[in-house]
Amino acid sequence: MALSADADVQHSGSSAPTLLLDAGTGLRQVPALLNQRPYKGSILLSHLHWDHVQGLPFFKSGDHPGAQVTLLIPPQEDGADAEHVLARMMSPPLFPIGPHQLRGNWRFGVLPPAAFSDDGVAVESFRMTAREIPHKGGRTVGYRISDGHASLAYLPDHCPTEIGPGPDGWGAYHPAALELARDVDLLIHDAHLFPDELAAEASFGHAAADYAVGLGAHAGARQVVLFHHKPDRRDDDLDRLVARFASAAPTVRGAFDGLELDL
Numbered sequence: 084m085a086l087s088a089d090a091d092v093q094h095s096g097s098s099a100p101t102l103l104l105d106a107g108t109g110l111r112q113v114p115a116l117l118n119q120r121p122y123k124g125s126i127l128l129s130h131l132h133w134d135h136v137q138g139l140p141f142f143k144s145g146d147h148p149g150a151q152v153t154l155l156i157p158p159q160e161d162g163a164d165a166e167h168v169l170a171r172m173m174s175p176p177l178f179p180i181g182p183h184q185l186r187g188n189w190r191f192g193v194l195p196p197a198a199f200s201d202d203g204v205a206v207e208s209f210r211m212t213a214r215e216i217p218h219k220g221g222r223t224v225g226y227r228i229s230d231g232h233a234s235l236a237y238l239p240d241h242c243p244t245e246i247g248p249g250p251d252g253w254g255a256y257h258p259a260a261l262e263l264a265r266d267v268d269l270l271i272h273d274a275h276l277f278p279d280e281l282a283a284e285a286s287f288g289h290a291a292a293d294y295a296v297g298l299g300a301h302a303g304a305r306q307v308v309l310f311h312h313k314p315d316r317r318d319d320d321l322d323r324l325v326a327r328f329a330s331a332a333p334t335v336r337g338a339f340d341g342l343e344l345d346l
């Protein structure tokens with residue numbers, strides 16, 4: 084299994100990603116990985132906040148006559164279907180076309196109930212399970228992806244303080260998060276906040292980097308990638324952040340554009 088920092092997942096030995104986790108503006112980088120060919124695969128959205136969907140209208144390999152795309156979203160609290168929800172962002176007067184006008188063969192759907200079962204479901208020859216996790220402003224899920232040899236957990240937006248301070252004051256290591264991250268080769272986790280920002284900003288819906296590392300340790304993850312950095316972070320800030328965990332177990336990395344990992 085290979086992974087890039089844009090959460091593009093592909094099978095080892097494959098020449099192109101077939102599974103995309105979320106659809107932020109980093110989606111514009113995917114066509115280069117495809118040599119500008121049409122995308123044929125699935126997109127799993129963790130939730131519907133703008134920073135996780137605004138790449139869709141600008142995804143050239145998806146908006147292509149030869150594209151074949153299945154896009155799945157978490158079940159919505161009001162029961163709305165996927166295309167209707169996405170059209171709230173992507174339709175006139177906010178955008179000139181709606182989701183149904185993307186070229187190619189697009190299928191929009193909601194995660195099936197089986198995705199939340201212990202066995203999960205098959206997606207692009209991967210095994211995927213989903214669990215609801217706390218995050219402000221709409222139903223949010225985390226994902227666990229496995230190809231039978233390697234596994235990753237993806238929790239990009241997570242507010243664990245919503246259900247209590249936990250043993251370290253950074254938030255509860257609750258069952259859904261632990262289940263997703265249990266013994267994974269890679270945990271990709273929200274690290275939007277530094278510990279001294281938690282008191283003032285946790286209510287916006289994000290986690291401290293220290294929580295991400297703590298969750299990885301409690302769950303037995305082999306590696307943690309700190310993700311969803313604050314937009315105003317400088318490279319030096321992130322270098323110092325990762326350096327704080329130099330002696331930590333599991334291994335800790337900071338996500339950056341162009342990062343590729345083989346699992």
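Using the working numbering, the letters of the sequence shown correspond one by one to residues 84 to 346.
Quick reminder that beta carbons are idealized off the backbone N, C-alpha and C, glycines included.
| query | result |
| --- | --- |
| Chain C contact for residue 310 (CB, 8 Å cutoff) | Included in the structure is just one protein chain, with no chain C present. |
| Boundaries of the alpha helix (DSSP H) in which residue 296 is found, first to last residue | 292-302 |
| Inter-stretch contact at 8 Å, needing at least 3 Cβ pairs: the stretch 186-193 / the stretch 140-149 | yes |
| Coil, strand or helix - residue 199 by DSSP | helix |
| For residue 227 and residue 349, the rounded distance between their alpha carbons | With the chain represented from 84 up to 346, any question about residue 349 goes unanswered, as that position is not in the structure. |
| Assigned secondary structure, residue 213 (DSSP; H/G/I helix, E/B strand, else coil) | strand |
| Cα-Cα separation between residue 121 and residue 101, rounded to whole angstroms | 11 Å |
| Whole-angstrom distance between residue 279 and residue 344, CA atom to CA atom | 30 Å |
| With 16 other Cβ atoms within 10 Å as the buried cut-off, status of residue 176 | exposed |
| Where residue 254 falls, given that 16 or more other Cβ within 10 Å makes a residue buried | buried |
| Segment contact flag, the stretch 152-171 with the stretch 234-245, C-beta cutoff 8 Å, min 3 pairs | no |
| Pairwise C-alpha distance: residue 250 and residue 104 | 30 Å |
| Assigned exposure category for residue 190 - 16 Cβ within 10 Å defines buried | exposed |
| Simplified DSSP state of residue 168, which is helix, strand or coil | helix |
| Three-state secondary structure (DSSP) of residue 273 | strand |
| Simplified DSSP state of residue 260, which is helix, strand or coil | helix |
| Integer Cβ distance of residue 206 from residue 197, believed to fall under 8 Å | Between residue 197 and residue 206 the Cβ distance is about 11 Å, and since that is not below 8 Å, they are no contact. |
| Identified DSSP bridge partners for residue 188 | 151 |
| Assigned exposure category for residue 296 - 16 Cβ within 10 Å defines buried | buried |
| Inter-stretch contact (C-beta, 8 Å, three-pair minimum) for the stretch 151-167 and the stretch 271-290 | no |
| Inter-residue Cα distance where the pair is residue 305 and residue 220 | 31 Å |
| Residue interval of the beta strand (DSSP E) (run including residue 267) | Looking at the DSSP string, residue 267 is not in any beta strand (DSSP E), and its letter there is neither H nor E. |
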